[in-house]
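Down below is the structure, laid out as structure tokens.
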Amino acid sequence: MAKGKNIESRNVQITDEVCRPLYGRTSKSWFLGFSFGIVGILFGVYGIYCTLFKGIGTWGLDRTIGWGWAITNFVWWIGIGHAGTFISAILLLFRQKWRTGINRAAETMTIFAIICASIFPIIHMGRIAFAFYTIPYPNTRNLWVNFNSPLLWDVFAILTYFIVSLIFWYIGMIPDLAVLREGKARKFKRKIYSLLSLGWQGTIFDWKRYDKIMILLASIATPLVISVHSIVSMDFATSIIPGWHSTIFPPYFVAGAIFSGFAMVQTLMIITRKVLNLERHITVKHINSMNKIILLMGSIVAFAYFIEIFFAFFSGNEFEEFMFLNRATGPYAIWFWIMMFCNIIIPQFLWFKKIRTNIAVTFVFSILINFGMWLERFTIVTTSLHRDFMPSNWTIYKPTFVEVSLFIGSIGLFITLYLVFLRLFPIISFSEIKHQNLENEE
Amino acid sequence: MYELSLLKRMNGKIKNKTLKYQKPSSRRDFIKLLGYGAGVTALLPACEQPIRKMIPYLVQPEDLIPGKAFHYATTFKSGNLICPIVAKLRDGRPIKIEGNELSQVTSGGTNARVQASILDLYNPTRLQKPISGNNVLSWDEVDQQIIAKLEALKDKKIALVTETICSPSEKKIIDILRVKYPNIELLEIDFISNEAIRMANIKCFDLNAIPIYHFEKADFVVGFNADFLSTWISPIEFAKQYSTRKNPDENLLNHVQFESTFTITGAAADKRFPINPSEEKPILVELLSQIKTIKASEIVNLKSDKFNLKKLADNLLKNKGKSLIVSGTNSVEIQILVNAINFELENLGATVDFNNSYCIGKGKAENLNRLINGLNNGNYFGAIFYKFDFGFLSGNSENLFSHIEKLDLSVFIGTNLPEKSKAFKYVLPANHFLESWSDYETKHEYFSLGQPLIKPLFNTRQAEEILKNWAGIETSYHDFMKTRWEEETYTKIQTEKPFNDFWNETLQKGVLEKENREIEVIIEWDENVLKKIQKDEVFKNDKKIEIHLFESSVLGDGNQISNPWILELPDPISKQCWGNAALISPEFAKKHDLINGQHIEILLNKKVVEIPVLVLPGQASNTISVALGFGKSNSELGKTGSNVNYFVQIENGIQKYNFFGDFRKIEKHTELAIGQLHDSMEGRELIKFAKSDEFAQNPELFKHRNHFPENPQFYKKPEFLGYHWGLAVDLNKCTGCSTCVIACQAENNIPVVGKNEVINKHEMHWLRVDRYFNGDLDKPRMLVQPVMCQHCDNAPCENVCPVSATTHSSEGINQMVYNRCIGTRYCANNCPYKVRRFNWYDYNNTDMFKNNEVAVLGMGDDLTRMVLNPDVTQRSRGVIEKCTFCIQRIIDVKNKAKLENRPVFDGEIKMACEQSCPSDALVFGNMNDAESRISKLIKSNRSYRMLEELSTESSVFYQAKIINSNS
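If you're matching them up, the sequences are chains A and B in order.
Position one of the first sequence corresponds to residue 1 (the working numbering), numbered consecutively onward.
Position one of the second sequence corresponds to residue 1001 (the working numbering), numbered consecutively onward.
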């Protein structure tokens, strides 16, 4: 009995700790972050205004380079959005218990990253008003979409991924919402929690169904983790441009996505645990485990780089050969080598436990890896295009202020959404932690 | 059970609410809905595109069928360029110019200036009404005032300054005017002068004539700074003749070119030597002496010198009577040397024909001198600048404006506002040639008639009509011209037709050409003329910097400086548009540490001009070349390019274009608008070429296919049962002159984007001409290739479009559906030829947002929009566009064939690019028809598809370039 009481008091303590940011006064650091986010959004609004009103001509794109920063950002954000579902679905299926401390944050990141990502393919369209043409619906014009086009697959893949991730995230939050419903929040807030918790009672039947649906959703979401970035990679792989046309792209992109996603989770977790005093729940153990995955994925990415370069020369295709030489020695060479450093050298340091468990170094590494992965997407998108088959078309691409604004805007949006989420919902799935603790005790 | 109770409570509320809404709707609700409805109807249309009204005819003219095009023969003339043309008229608007295929001189060829001249008609910068000072006058007032002035000045000298008059009727009017006012002095001045040829021929043969050159009869051509394919004397005619000799299966022409700056003629040559202008004379002297030596001794000593002149002399002698030496340098001595060589080679009477001569280029430098001196000394009391752009006078004419201001009578008659128009008391607007009657004589008895296609758009008058009124002729210019023809030309022609029939037929055809002239001119050569030629210091001036002024192949004499199409057309050689630059060789750039866009000041006779440099491989090492004609500062854009026209000097009574000069580097850098940023082909087989002996040894040279399966695609190979359209491009004939680019732009409503947008690499041309330099940077070979949509049967662009906005037709055409396009640009990325163009901005005022246009020189205005082809949709912002194989032309001909219940004949459909080409390099046709020209061309040994290894199955076939190995 005493043991039970002990657990109960610990549970209360966990709830208190996790829910503290939801009740207290808004902290100064929150406002600081929020104002950063809003300023970022304003940049984005300016970028969108220029793009919509004047045209995509305000970007640095040209007759040869049709995709630049916007698509780079899109692929980068989608990649970041990978870690969440990977953590909650795949690690759930593999019964990796350590995931409980970070899965909510990772899933939240996924949802917001997809929102940020989806801005870019929409605004990079010449005629946004007709974006709905990409949706196959019966119409009087008797027009149908082109199912041969990877861009169309993108539409479905991303929409599906977003919807499934959203459901997964929401259903995982229901037990916590039911607790919040009974908590200290104001009446209005409690009413919303109560509506959202869908009448969760915490009975054994509830939990039984909950476990079943989580496993089911995890099974649905797992192939999506693989499919969404595979399909994004097919935007490039199915084309004929040297540097894009490569069969290794789907697995390579998935590995890269998980790599960058985990790095982003690291960044967020390290900030969150510090600012919200959650060191007890997001521990060095978590960080260590994630670093291991980063190391694994980083090595896969390095292997993919090597294979890609090897086959470019092994193929004897002069255009492929030239493309790699151009990446390594051409006008964008500096960025190529920084990318190589960030994505290949940096993760190899994680073989050492001392580095893996050092929070400051991990934080720096996570930022560098994300930068490196952004550069990887830029390298793929732009350096492949800028010097392709016919030298008469070769050009140099430089982003304009509008494009940079759009990128800042997406980061601002992400920060804002994340901060708002922190104030309204628990960033750690405390019901799962309690569950975990209970299992551990037994 | 907190939750349940809440649900219960909520249900209760919901029920209550439903009850509430079941009440019958009140008047209040009705008014609410009404207000909402009104608001929506008022707001929604506000988002619509601007409404433009179409007004139908109240009474439709009998002979006008809306939507049906009419073609009328007429004539283009600007400066010394005369081209018989056919203008296409749609619903009362001329919209396209094509070459007149009935003319034996040009046989349907045009050039970029001719093609672009249609836009001059709708140019908002045109002179629109007669002005005197700040007052707008009526034409009657103008006539009254000027005739009064002419009467008052009857005993004082008046200058009538004009370009070469080569219209007999115009000449007659001027003669009548001069009979009435003998004090009027006619001063013909050419902006780009070939006077030296006339003067040399006077000295050598006592003939004031520019002879007829026969490039089609020549087996060996040597050119010295003569860009005869794009600017020299009669370029369209020469390009036609030249192209007939570029078929490697027949007797392939040998062509050696010596020139200071790269021209398309030099690019077409089999061998090209960059020379500084001062080297030309010594080379000619040397060549002449070599020829004489070989002729005398018959022993060939093939010791090679810098230019291999002995071998050249030997080759030329082997082609005696079938060779041709031409020089474009305006120097009497050089032209005498050219005559001497042509005489030694027995070309006079064969390839150089004195039986007829050109009527153009009669202007004299002496006239310019007389005008300047006369104005300086106060000899002239009046000046009439007739069809003469004042800004382009050369020589010491800077202070002419102040003199002109002081004159009692100063009149400008022309289409475009002259520079410093304030200096003139009267600025009188003349009609565009498409609003005028005209008869031009290109060579003697080769007439080309012009008829108006549209009423004057503004309050303008035909230039001849203005003079005619002052001369006191009562009839209209048309009647005057017709009468003159009846009295003078008709009587000489042996025809049984009554005059009216003859006249109508000639007008309809547009040309009247007499092939064989009975006159035999006997040429006698006097060796003594050579004695007067000063012996130059041979190859000595290696150290001095030379300035070489040349006529731009795109801009010509500069009359079209405010024509946006011309300005945006990349120069065939430098690929620069929207301005000019000082062209320097890579060696020169290295020596003086200059890069593209670095400004320099060219110094010459105390005159200075600031100009950015452009490094051009193949430029003569010590020579700075600058194109003339740029720099008029009154266009809407401000100054376009740098004006070097004032550098032209008059020396020994002749306009001189080459000098020793100097330059100074200044600390300024501007970005040049260059259409192609990479000059090397990087060893890729995009343009295939070989020497003729290699090709003779291995005819399968170009047939090598990379190894790949027959149908590498996932889907069934498409079959085309009816027509299967294709285009063949002969790279041996193509000179890269870029006429096709403008023809395509005019036909397909391609927008102009402006200088900044070209710098942003956003140009919209559907058809571009790629230019590569191959080999050594100092003496490279230039290779050109027109690239348009290749209409791939396995098109990379088609399968990637998410909305199927680009599809393949059953006739093999890659179609673009603008309405469906959402602008992902994926197709453009995936196109290996990069021929797809995206509308980055609103270039033509078709966007739903107002005031976001990026258009230049009023290209989106209602006036300029009159040039648009109604058969081709204008593309709005955010959609992709590209070459359609002129689908509107295909459909037009197919409809016609269908009405006549027959298939389309081979050659019946002509693409805009194909029609405009002066070299007949492009052939369009049905590839399913084994007898068609294109099917035969595809089977030829030279035929290949670009980037064939990508299995795009393109429908454009290039014929490889063959370089004559004998030269």
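Every residue gets a Cβ at the ideal spot worked out from N, C-alpha and C, and that includes glycine.
Note that the structure is a prediction, hence the values are computed from the model and not measured.
When we look at the beta-carbon of residue i and count the other beta-carbons within 10 Å, is it buried (16 or more) or exposed?
{"i": "K1172(B)", "result": "buried"}
{"i": "T26(A)", "result": "exposed"}
{"i": "A1152(B)", "result": "exposed"}
{"i": "F430(A)", "result": "buried"}
{"i": "E432(A)", "result": "buried"}
{"i": "H1599(B)", "result": "buried"}
{"i": "A1148(B)", "result": "exposed"}
{"i": "W144(A)", "result": "exposed"}
{"i": "N1504(B)", "result": "exposed"}
{"i": "M390(A)", "result": "buried"}
{"i": "P1452(B)", "result": "buried"}
{"i": "W351(A)", "result": "exposed"}
To the nearest angstrom, report how far apart residue i and residue j are at their CA atoms.
{"i": "S1323(B)", "j": "I1654(B)", "result": "28 Å"}
{"i": "V1758(B)", "j": "I1624(B)", "result": "25 Å"}
{"i": "C342(A)", "j": "M109(A)", "result": "22 Å"}
{"i": "G1823(B)", "j": "A1673(B)", "result": "26 Å"}
{"i": "K1013(B)", "j": "S118(A)", "result": "A caution first: K1013(B) carries a pLDDT of 48, below 50, which makes its placement in the model unreliable, though a value can still be read off. So the alpha carbons of these two residues sit roughly 39 Å apart."}
{"i": "P426(A)", "j": "L92(A)", "result": "20 Å"}
{"i": "L1007(B)", "j": "F188(A)", "result": "Residue placement at L1007(B) is poorly supported in this model, since its pLDDT is 45, which falls under 50; the coordinates are not used for a value here."}
{"i": "R10(A)", "j": "K353(A)", "result": "31 Å"}
{"i": "E1496(B)", "j": "E1487(B)", "result": "15 Å"}
{"i": "K1077(B)", "j": "I1095(B)", "result": "18 Å"}
{"i": "V1179(B)", "j": "Q1128(B)", "result": "31 Å"}
Take residue i and list the residues in its own chain whose beta-carbon comes closer than 8 Å to its own, dropping the five residues that flank it on each side.
{"i": "I346(A)", "result": "G298, F365, L368, I369 and G372"}
{"i": "W59(A)", "result": "T51, G68, W69, A70, P399, T400, V402 and E403"}
{"i": "F1957(B)", "result": "G1726, L1727, A1728, V1729, I1934, L1937, I1938, S1943, Y1944 and R1945"}
{"i": "D1970(B)", "result": "An answer regarding residue 1970(B) cannot be provided, because it is not within the stretch 1001 to 1967 covered by chain B."}
{"i": "L61(A)", "result": "W67, G68 and Y397"}
Got a sec, what are the start and stop residues for the alpha helix (DSSP H) residue i sits in?
{"i": "C1359(B)", "result": "Per DSSP, C1359(B) belongs to no alpha helix (DSSP H) and is neither H nor E."}
{"i": "I408(A)", "result": "F401 to L424"}
{"i": "W207(A)", "result": "I204 to A237"}
{"i": "T51(A)", "result": "K28 to F53"}
{"i": "R327(A)", "result": "E318 to T329"}
Using a Cβ-Cβ cutoff of less than 7 Å, which residues in the same chain neighbour residue i once the five nearest sequence positions on both sides are dropped?
{"i": "V1587(B)", "result": "A small correction: the amino acid at residue 1587(B) is Glu; Val does not occupy that position in the sequence shown. Cβ within range, chain order: S1621 and D1778."}
{"i": "N1774(B)", "result": "M1681, P1780, R1781 and L1783"}
{"i": "A178(A)", "result": "S197, W200 and G202"}
How far does the beta strand (DSSP E) with residue i in it reach, from first residue to last?
{"i": "E1520(B)", "result": "Here E1520(B) belongs to no beta strand (DSSP E), and DSSP marks it neither H nor E."}
{"i": "N971(B)", "result": "Residue numbering for chain B in the displayed model covers 1001 to 1967; residue 971(B) lies beyond these limits and cannot be assessed."}
{"i": "I1654(B)", "result": "I1654 to K1656"}
Within a Cβ cutoff of 6 Å, which residues of the same chain sit near residue i, ignoring the five residues on either side of it in sequence?
{"i": "D1871(B)", "result": "Q1888"}
{"i": "N1643(B)", "result": "G1631"}
Using a threshold of 7 Å, is the CB atom of residue i nearer than that to any non-hydrogen atom of the ligand COA?
{"i": "T140(A)", "result": "Among the ligands in the structure shown, none appear at all, so the ligand COA cannot be discussed."}
What residues from the stretch 1822–1834 of chain B come within 8 Å of chain A, judged by C-beta to C-beta, listed N to C?
-> Legend: CB atoms of the stretch 1822–1834 of chain B lying less than 8 Å from CB atoms of chain A belong to residues I1822, G1823, T1824, R1825, Y1826, A1828, N1829, N1830, P1832, Y1833 and K1834.
Quick one, which residues of the stretch 119–131 of chain A are near chain B if we go by CB-CB under 9 Å, in chain order?
-> Result list: P121, H124, M125, G126, R127, I128, A129, F130 and A131.
For the stretch 56–71 of chain A, enumerate the residues whose C-beta is nearer than 9 Å to any C-beta of chain B, in chain order.
-> Cβ proximity to chain B below 9 Å picks out I56, G57, T58, W59, G60, L61, D62, R63, T64, I65, G66 and W67 from the stretch 56–71 of chain A.
Determine which residues of the stretch 1876–1898 of chain B have a Cβ less than 9 Å from any Cβ of chain A, and write them out in chain order.
-> Residues passing the 9 Å Cβ filter: S1876, R1877, G1878, V1879 and I1880.
Taking a cut of 8 Å between CB atoms, which residues from the stretch 221–243 of chain A lie near chain B?
-> Along the stretch 221–243 of chain A, the positions whose C-beta sits under 8 Å from a C-beta of chain B are D235, T238, S239, I240 and I241, read in chain order.
Check distances from the C-beta atoms of the stretch 1668–1682 of chain B to those of chain A and list, in chain order, the residues that come in under 7 Å.
-> Sequence-ordered contacts of the stretch 1668–1682 of chain B with chain A read Q1676, L1677, H1678, S1680, M1681 and E1682 [C-beta pairs closer than 7 Å].
Against chain A: residues of the stretch 1747–1764 of chain B by CB proximity under 8 Å = Of all residues in the stretch 1747–1764 of chain B, those with a C-beta nearer than 8 Å to a C-beta of chain A are E1757, N1760, K1761, H1762 and E1763, reading in chain order.
Residues, ordered as in the chain, of the stretch 1732–1745 of chain B that lie near chain A by beta-carbon distance below 7 Å | Listed by position along the chain: nothing, the set is empty.
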